[in-house]
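J.: For the sequence shown, counting from 1, position 49 maps to 33 in this note's numbering; every step adds exactly one. The beta-carbon is built from N, C-alpha and C at its ideal position, and this holds for glycine as well.
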Amino acid sequence: MAQLSGLSDEALAVFAFAAYHQLSSGQMVRSVVQRDGAGHKASDSAVSELTGRGLIEADGDEIRFTDEGESALRAFVSGLRGAGSG
-15 MAQLSGLSDE
-5 ALAVFAFAAY
5 HQLSSGQMVR
15 SVVQRDGAGH
25 KASDSAVSEL
35 TGRGLIEADG
45 DEIRFTDEGE
55 SALRAFVSGL
65 RGAGSG
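1) Excluding the 5 residues preceding and the 5 following E52 in the sequence, name in chain order all residues of the same chain whose CB lies nearer than 7 Å to its CB.
2) Using the rule of at least 16 other Cβ atoms within 10 Å of the residue's Cβ for burial, across every protein chain shown, is L7 buried or exposed?
3) Out of D20, Y4, S(-8), E(-6), which has the shortest C-alpha to C-alpha gap to R58?
4) May I ask you to report which of helix, strand or coil DSSP gives V13?
5) Let me confirm a value: Q11 is counted as buried when at least 16 other C-beta atoms fall within 10 Å, else exposed. Which label applies?
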């Protein structure tokens, strides 16, 4: 998970949120909501950090994973699946 090493907890939370949706739906997640209108939102600093690393693109409403971000998300989910074995 080298692409995610050194990220803040807030930035990792974006990946955790996407991983939750991917695992619960069984579908590849390519984007997540940035602000849902009900008070839940990704932190601005996390969005800035992930954008700066080239992992996402964001427009204020939606966070879209770049190709590199999708690869990092796959590794993140894979790591979760393998965390219990060992």
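T.: In brief:
1) Q(-13), G38, L39
2) exposed
3) Y4
4) coil
5) exposed
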